[in-house]
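Written below as structure tokens is the structure these notes are about.
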Amino acid sequence: MKEFLLKHQGKALALVLCLVPLILLATSAGASVGKERRIRPTRWSWSFLSLGQVGLTESVGEVFSIFDDDDTEKELARLRAENAILREEKARLIGVLQENERLRKMVGFKQSHPEYTLVPARVISQDTSPFFRVISIEIKAPEGVKLKVRQPVLVAGGVVGQVHEVLDGHAQVLLLSDPRSQIDVISQRNRAHGIVSGLGHERDYEAKVSYLSEKDQVREGDVMVTSGMGGGFPPELIVGEVLSVQPDERGLFQKVTVAPAVDLSRVSEVFVLTATKERMMTIEQEEDAAALEEEDDAEQQP
Amino acid sequence: MLSSWAVFIVGLICIVLEGSIGHMFGVESIGFEWSLALTAYVGLRRDWHSSLWILLGWLLPMDWFSGGPGGLHAFGVVVMFWSLRAVASRFGRPWNLGKVLLASLGAGVYHAATALFFVVTAPDSPVLDAILYTAPGAMLMTLLSSVFLGWGLNRVEQMLYGRRGGDGLLLS
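Chains A and D, in that order, give the protein sequences. Our numbering applies: residue 1 is where the first sequence begins, and numbers increase by one. Our numbering applies: residue 1001 is where the second sequence begins, and numbers increase by one.
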């Protein structure tokens, strides 16, 4: 048996190599948001890899700082070394100030929207695919708050994307510039209605707005906000600004390009919107109704 | 030749850190395409058994960190690997300019395979446009990444084992 396996090792490996992608494709239900179903062992291994990535991301910065120190010791004299240390300190302080400003904005955003249940999260990595636009976030939901796919992901400046997959302590976020992302929007100026989806460009984060006809009279510079339809995003969250409008000679609709309101290349901290006040009230009402029904059932039973 | 374990671990670190390092330095809109360069490296430089073992080990992490639908990246990578394996023997062992160009063409095969997958399964998907739009940039980045990867691994190999007769390390 052992000899047989050793003899056919190459063929067996080649077969496994071909089968792995097919199994993965068969167990994921396609490209639409929240419809992927991963088999349990795959989810476990991916959770493990995410943990490894968090550890490596944190330690890689320390590794680079060690190299910097070595170079400084070798190349610079005492005064220049001191200068370098001071400059490093200054850079660190600028970083802290920038972080402080970002966090202040986020706190301000949270305070100005008491109707939202917002869970803060830290961006730990981006995707490595040339055409998909996904970031990974490290997130710890407080007790009683449940993370789900399709929940909006925001910063103070506007919409970032939506939750694509939830793992233990981590989640994948589909940026609004991913071609799989679809967000229902309206023009703030004239309430023209369309769907924003990403263009998947590698060099920029632009998106397009579908289903806007010439009658809708959308102009360059128009601000597109979420419509609140579809249940996923609450209304009036800024998505982006219209960059260009081109009539489609053959089609019914115009070609409208949108620049996201948020600089998606520099997002470090985000909020996941887990519920709005209205939604919470609906959930509470539904729970109350369910409890009443259960009580009635219990009373009717002898 | 470097041990399979060493190549596997170096590759795994590249795969895991690609997104993190890119994010740390604010390089968000440029992909290094390490996974494609690594596939090209094992496909063109390693022997039959070790290339299969290494790629098999990388397949899940590569697929996970690509951020796409499960299995799509792995599918493209495997197609790319087989296409490169088919011509690998014609280019000799050293990691040279020919192999770097071939790695870049391999990235084109990867894009063609994923595009074909979408043509068959979801022809109206906007992902198809995105794949075709990003293909030239990804081919260029794979070319650059495979230059650095081949050079780096050759240097490590040289340091560990010294230069061997017949190993013309053109890029080292």
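C-beta atoms are modelled at their ideal positions from N, C-alpha and C, and glycine is treated no differently. It should be emphasised that the depicted structure is a prediction, and the values quoted were computed from it without experimental measurement.
1) Output needed in chain order: residues of the stretch 76–100 of chain A with a Cβ under 7 angstroms from some Cβ in chain D.
2) Can you pull the chain A residues whose beta carbon is under 7 angstroms from the beta carbon of Ile-1054/D, in chain order?
3) If contact means a Cβ-Cβ distance below 9 angstroms, which residues of the stretch 227–249 of chain A contact chain D?
4) Could you tell me if Met-229/A is buried or exposed, where buried requires 16 or more neighbouring beta carbons within 10 angstroms of its beta carbon?
5) Going by Cα to Cα distance, which pick from Lys-215/A, Gly-232/A and Leu-243/A is closest to Met-224/A?
6) Do Gln-151/A and Val-272/A have their C-beta atoms within less than 7 angstroms of each other?
7) For a quick check, are the C-beta atoms of Ala-1074/D and Leu-24/A less than 7 angstroms apart?
8) Going by the CB atoms, is the gap between Ser-1004/D and Trp-1053/D shorter than 7 angstroms?
9) For Ser-187/A and Asp-222/A, which I take to be in contact (beta-carbon distance under 8 angstroms), what is that distance rounded to the nearest angstrom?
10) Counting only beta-carbon atoms, is Phe-1075/D nearer than 7 angstroms to chain A?
11) Give a yes or no on whether 7 angstroms exceeds the smallest Cβ distance from His-8/A to chain D.
12) So what's Gly-1166/D in DSSP terms, helix, strand or just coil?
13) Use the C-beta contact count for Leu-19/A: other C-beta atoms within 10 angstroms, 16 or more gives buried, fewer gives exposed.
14) Does the beta carbon of Asp-184/A come closer than 7 angstroms to any beta carbon on chain D?
15) If you draw a straight line from the alpha carbon of Phe-1008/D to that of Val-1109/D, how long is it in whole angstroms?
16) Taking C-beta to C-beta, are Glu-202/A and Thr-1142/D nearer than 7 angstroms?
17) For Gly-158/A, which residues does DSSP report across the bridge?
18) What residues in its chain sit with their C-beta under 6 angstroms from that of Ser-1104/D, if we drop five residues either side in the sequence?
19) Could you tell me the distance, in whole angstroms, from the CA atom of Leu-1056/D to the CA atom of Val-16/A?
20) Quick one, which of Glu-241/A, Asp-263/A and Pro-235/A has its alpha-carbon nearest Glu-115/A's?
21) When we look at the beta-carbon of Ser-1089/D and count the other beta-carbons within 10 Å, is it buried (16 or more) or exposed?
22) Give the interface partners of Gly-1137/D over in chain A, defined as CB-CB distance under 8 angstroms, in chain order.
23) Just to confirm the assignment, what range does the alpha helix (DSSP H) spanning Arg-1155/D have?
24) Determine the closest residue to Leu-174/A out of Ala-207/A, Arg-219/A, Gly-157/A and Arg-191/A, with distance taken between C-alpha atoms.
25) Let me check you understand the geometry: is the CB of Phe-1091/D closer than 6 angstroms to at least one non-hydrogen atom of the ligand ADP?
26) Got a sec: is the Cβ-Cβ distance from Gly-1068/D to anything in chain A below 7 angstroms?
27) Find the nearest neighbour of Gly-1106/D within the set Leu-1036/D, Glu-1018/D and Gly-1067/D, judged by alpha-carbon distance.
28) Could you compute how far the alpha carbon of Val-245/A sits from the alpha carbon of Glu-101/A?
29) Note down, in chain order, each residue of its chain lying with its Cβ closer than 8 angstroms to the Cβ of Gly-200/A, except the 5 sequence neighbours on either side.
30) Hey, could you find the ends of the beta strand (DSSP E) Asp-1063/D is sitting in?
31) Does the Cβ of Asn-1154/D have 16 or more other Cβ atoms within 10 Å, making it buried, or fewer, making it exposed?
32) Let me know if Lys-11/A comes out buried or exposed under the rule of 16 or more other beta-carbons within 10 Å of its beta-carbon.
33) Check Glu-1018/D in the structure and name its three-state DSSP category.
34) For chain D, is any of its Cβ atoms less than 7 angstroms away from the one on Asp-318/A?
35) Please confirm whether Ala-1006/D has its beta-carbon closer than 7 angstroms to some beta-carbon of chain A.
36) Could you tell me which of Ser-136/A, Val-145/A and Ile-94/A sits nearest to Leu-350/A, measuring between CA atoms?
This is what the structure gives:
1) Answer in chain order: no residues at all.
2) Neighbours of Ile-1054/D on chain A: none; closest Cβ ~10 angstroms, over 7 angstroms.
3) Residues passing the 9 angstroms Cβ filter: none.
4) Counting Cβ neighbours within 10 Å, Met-229/A comes out exposed, since fewer than 16 surround it.
5) It is Leu-243/A.
6) For Gln-151/A and Val-272/A, yes; Cβs fall inside 7 angstroms.
7) In this structure, Ala-1074/D places its C-beta atom within 7 angstroms of the C-beta atom of Leu-24/A.
8) Going by C-beta atoms, Trp-1053/D is nearer than 7 angstroms to Ser-1004/D.
9) For a cut-off of 8 angstroms, the C-beta gap from Ser-187/A to Asp-222/A is around 5 angstroms, short enough to register as a contact.
10) Output row for Phe-1075/D: interface = yes.
11) By this cut-off, His-8/A is not an interface position.
12) Here the model assigns Gly-1166/D a pLDDT of 45, short of 50, so the residue's position is not dependable, and the following value carries that caveat. DSSP places Gly-1166/D in coil when its eight states are reduced to three.
13) Counting every other CB atom within 10 Å of its CB across the protein chains shown gives Leu-19/A a total below 16, marking it as exposed.
14) By this cut-off, Asp-184/A is not an interface position.
15) For Phe-1008/D and Val-1109/D, the gap between their C-alpha atoms comes out near 23 angstroms.
16) No.
17) Answer by DSSP bridge pairing, in chain order: Val-155/A.
18) Met-1139, Thr-1142 and Leu-1143, listed in sequence order.
19) One C-alpha to the other measures close to 8 angstroms.
20) Looking from the CA of Glu-115/A, the closest CA among Glu-241/A, Asp-263/A and Pro-235/A belongs to Pro-235/A.
21) Looking at its Cβ environment, which holds fewer than 16 other Cβ atoms inside 10 Å, Ser-1089/D is exposed.
22) Residues of chain A passing the Cβ test: Pro-130, Glu-202 and Arg-203.
23) Where Arg-1155/D is concerned, the enclosing alpha helix (DSSP H) stretches over 1126–1161.
24) The option with the nearest alpha carbon to Leu-174/A is Ala-207/A.
25) No copy of the ligand ADP occurs in the structure displayed, which carries no ligand at all.
26) So yes, Gly-1068/D belongs to the interface.
27) It is Leu-1036/D.
28) Cα-Cα distance, rounded: 35 angstroms.
29) Residues Phe-131, Phe-132, Arg-133, Ser-177, Asp-178 and Pro-179 of the same chain have their beta carbon placed closer than 8 angstroms to that of Gly-200/A, with the five preceding and five following residues left out of the count.
30) From DSSP, Asp-1063/D is part of no beta strand (DSSP E) but of the alpha helix (DSSP H) over 1048–1066.
31) Buried, because 16 or more other Cβ atoms sit within 10 Å of the Cβ of Asn-1154/D.
32) Exposed, since its Cβ has fewer than 16 Cβ neighbours within 10 Å.
33) Looking at Glu-1018/D - three-state DSSP - the assignment turns out to be helix.
34) Residue coverage of chain A in this structure runs from 1 to 302, which leaves residue 318/A outside it and unanswerable.
35) No, Ala-1006/D lies away from the interface with chain A (no Cβ there is under 7 angstroms from its Cβ).
36) The displayed coordinates of chain A run from 1 to 302. Any statement about residue 350/A would go beyond what the structure contains.
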